[in-house]
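Here the structure comes first, spelled out in structure tokens, and everything after it is commentary.
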Amino acid sequence: MSTSLEFSREERLPAVVLRPQGEIDLARSPELRLRLRQEVDAKPKRLIIDLIGVGYMDSSGVATLVEALTRARAAGCKLVLAGLQPKVKSIFSISRLDTVFTITGSVDDALTA
Amino acid sequence: MSTSLEFSREERLPAVVLRPQGEIDLARSPELRLRLRQEVDAKPKRLIIDLIGVGYMDSSGVATLVEALTRARAAGCKLVLAGLQPKVKSIFSISRLDTVFTITGSVDDALTA
Amino acid sequence: MTGPAMEIRFTSDPDNLAPVRACVERFAAEAGFDEERRGLIALAVDEAIANSIRHGYHGREDGPITLRLGMLPAGGVRIDLEDEGEQVDPSDIKPRDLSEVRPGGLGVHIIKTTFARCAWRRRESCGMAVTLELELPKPAIAAALARPPRSDARPDTRPNAEP
Amino acid sequence: MTGPAMEIRFTSDPDNLAPVRACVERFAAEAGFDEERRGLIALAVDEAIANSIRHGYHGREDGPITLRLGMLPAGGVRIDLEDEGEQVDPSDIKPRDLSEVRPGGLGVHIIKTTFARCAWRRRESCGMAVTLELELPKPAIAAALARPPRSDARPDTRPNAEP
Ligand SMILES: Nc1ncnc2c1ncn2[C@@H]1O[C@H](COP(=O)(O)OP(=O)(O)O)[C@@H](O)[C@H]1O
Ligand SMILES: Nc1ncnc2c1ncn2[C@@H]1O[C@H](COP(=O)(O)OP(=O)(O)O)[C@@H](O)[C@H]1O
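Protein chains in written order, with the numbering used here: chain A, 659 to 771; chain D, 659 to 771; chain B, -18 to 144; chain U, -18 to 144.
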């Protein structure tokens, strides 16, 4: 009955850019998890998650991204986060994950980071 | 204990531009009312209320503006509303007051409307 | 899957309006209403609460108010508002003639314009109650039903979950 | 003038999180917290509720949850959260070592980082309760106290009010 997370996807080979749109909390992170599994399983060289459309993320969203990072590494895929809004950036720094992830400002930077 | 409505004010003689900042509901319209009484009592030729910083207005805010319009007319002051956000515009049209007030897009237009 | 539902209890202090309408607006978003519609829903509920404060409690700030937010089974919202304020004849709660320009008298018009159904009644013990209902427009229902189920997809955050 | 105060009752359905945190965020704004601080308050309360849902109710979506929002007398917020879920030893509710990179285990850390005081306890009958408190920073207290009083300034919307 409730609004779902929306994704747009762009191929900038050899990278794939995934752009979720919405707030990522306990209600929405399962959708993100499913989608990230699919993307990582396809083993792109580089998976860029553009968070420009994500105005809010809680620790369930962060946990989902940590899980994706681990899976991506195992699959030989470089995972990069881009476009973090200040609110989303702050949960990464509180969680001390801002140095664990590769985080860039723009998607263009993420192509080469 | 609660955040108040903030105003900035600019003289573009013979007009005065008043710019409230915040959401105008039953809790905030009393502050708007006090301020508008002061401004109208000073009898400027033209009083422009720039609503660009007002993201929300309920009927108590609209009532306050209708009261100011009546007082301004009696004082020989031309009252103009400018910078209405879509949400605020819609309460004026629902209330069928969009033709009663002089409403312009920009403050510049309001100087001559 | 019944969707979101909640009850908010607060006093007739106008400072409560902003947090309550933030909740209503977001609830309407969860229910699938578009931005314009959810803004109107929040406005109309704000007007109904303001009427409880002004006419039910005559501006007293400590009167109890209860707001219940729920989903209509076929898509849409049902909102119930109850106060313990002064009782009036429900047939006296009506919009005024809008062609007359004067402050006030717009709240009921806004409520009736926004909701498909609104019904005021005297509560049994004391105070007034109003029920507001609005269905989702048809295309929004289809979109809400298309949402994937949540089961099996929660992130695994057990301490020893294998990555 | 006691300021805003409210109680929200809802079920452990994750779809309730977004409307509830919209209310909390706006409540924190009314209490005088700046944008960054109110975002953190909403996040931390979201984490506490998510923990009730996941650990108290093990993902069951129909468990009752009550959230109470109030102001501290000297400026700031006090938030009480109660569930009827599984009881755990409050001393087991603690942040994990963040140097280890793995999914999960961040909620309690976020809650403790945001609030000046947070205390979990077993409720008498069943379930857990947590109390979260945060004072306003000093300059914000001064700003909140500087707000003009509301009395005598309400718009006059009586039917026959002279303009
Ligand atoms: N909750 C309520 N309790 C008592 N009377 C009400 C309530 N809501 C509305 N009314 C009545 O309906 C009338 C119209 O309300 P409204 O359109 O909001 O305009 P206003 O409140 O400015 O008069 C009010 O003047 C009042 O007599
Ligand atoms: N409301 C609660 N009821 C029961 N246990 C809880 C509650 N909140 C937290 N806990 C306990 O505290 C631990 C740490 O919580 P948290 O930091 O949010 O990480 P996570 O929930 O991802 O394990 C949880 O694993 C759980 O054992």
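Built from N, CA and C at the ideal position, the CB exists for glycine as well.
Measure from the C-beta of residue i to each C-beta in chain D and report whether the shortest distance is under 7 Å.
i         : result
B:Val82   : yes
B:Leu62   : no
B:Asp(-4) : yes
B:Leu115  : no
B:Ala3    : no
Report buried or exposed for residue i, applying the criterion of at least 16 other Cβ atoms within 10 angstroms of its Cβ.
i         : result
D:Ala685  : buried
U:Ser80   : exposed
A:Gly680  : buried
A:Pro744  : exposed
A:Val758  : exposed
D:Thr762  : buried
B:His39   : exposed
A:Pro688  : buried
A:Cys783  : Absent from the model: residue 783 of chain A. The displayed extent of chain A is 659 to 771, so no value can be given.
U:Val69   : exposed
B:Cys4    : buried
B:Pro120  : exposed
B:Ser(-7) : buried
A:Glu668  : exposed
U:Arg148  : One cannot answer for residue 148 of chain U here, as it falls past the ends of chain U, which runs -18 to 144.
B:Ser106  : exposed
B:Glu16   : exposed
D:Leu671  : exposed
U:Arg41   : exposed
Please say whether residue j and residue i have beta carbons closer to each other than 7 Å?
i          : j          : result
B:Gly66    : B:Gly20    : no
A:Val720   : A:Ser753   : yes
A:Gly713   : A:Arg677   : no
D:Asp716   : D:Asp683   : yes
B:Ile92    : B:Ala23    : no
D:Leu694   : D:Ala726   : yes
B:Pro(-15) : U:Asn(-3)  : yes
D:Ala733   : D:Lys701   : yes
B:Leu115   : B:Ala97    : yes
U:Asp64    : U:Ile46    : yes
D:Val698   : D:Ala730   : yes
U:Leu117   : U:Gly51    : no
U:Ala29    : U:Leu62    : yes
A:Ile706   : A:Val746   : no
B:Pro71    : B:Arg104   : no
B:Leu48    : B:Ile(-11) : yes
B:Arg77    : B:Gly86    : yes
For chain B, find out if any of its Cβ atoms is closer than 7 Å to the Cβ of residue i; answer yes or no.
i          : result
D:Ile752   : yes
D:Asp716   : yes
D:Ala673   : no
U:Ala11    : It is worth fixing the name first, because residue 11 of chain U is Glu in this sequence and not Ala. Answer yes: the Cβ-Cβ gap between U:Glu11 and chain B drops below 7 Å somewhere.
D:Glu697   : no
U:Pro(-15) : yes
D:Val724   : yes
D:Ala721   : yes
D:Val758   : yes
List the residues that DSSP assigns as beta-bridge partners of residue i.
i         : result
U:Cys107  : In DSSP, U:Cys107 forms no bridge with anything.
B:Phe(-9) : B:Ile46 and U:Met(-13)
A:Ala740  : A:Asp708 and A:Thr762
U:Pro0    : Paired residue(s): none; U:Pro0 is not in a bridge.
B:Arg102  : B:Ala110
D:Ile682  : D:Met715
D:Arg667  : D:Leu676
D:Leu694  : DSSP lists no partner for D:Leu694.
I want to see whether chain F comes within less than 7 Å of residue i, judged by CB atoms only; does it?
i        : result
A:Ser666 : Checking the listed chains, one finds no chain F in this structure; the protein chains it contains are A, D, B and U.
At a Cβ threshold of 7 Å, is residue i touching chain U?
i          : result
A:Glu689   : no
B:Phe14    : no
B:Glu(-12) : yes
A:Leu684   : yes
B:Arg7     : yes
B:Cys107   : no
A:Val738   : no
A:Lys701   : no
A:Lys747   : no
Taking 7 Å as the CB-CB cut-off, is residue i touching chain A?
i       : result
U:Thr94 : yes
U:Gly66 : no
U:Ala25 : no
Measuring only from the beta carbon, is residue i closer than 6 Å to any heavy atom that is part of ligand 3?
i        : result
B:Met109 : As far as ligands go, the structure on display features ligand 1 and ligand 2 and does not contain ligand 3.
Which parts of the stretch 2 to 63 of chain B are runs of the beta strand (DSSP E), unbroken and 3 residues or longer, counting only runs that do not cross its ends? At a cut-off of 3 residues, the continuous stretches assigned as beta strand (DSSP E) that sit fully inside the stretch 2 to 63 of chain B are 45 to 52.
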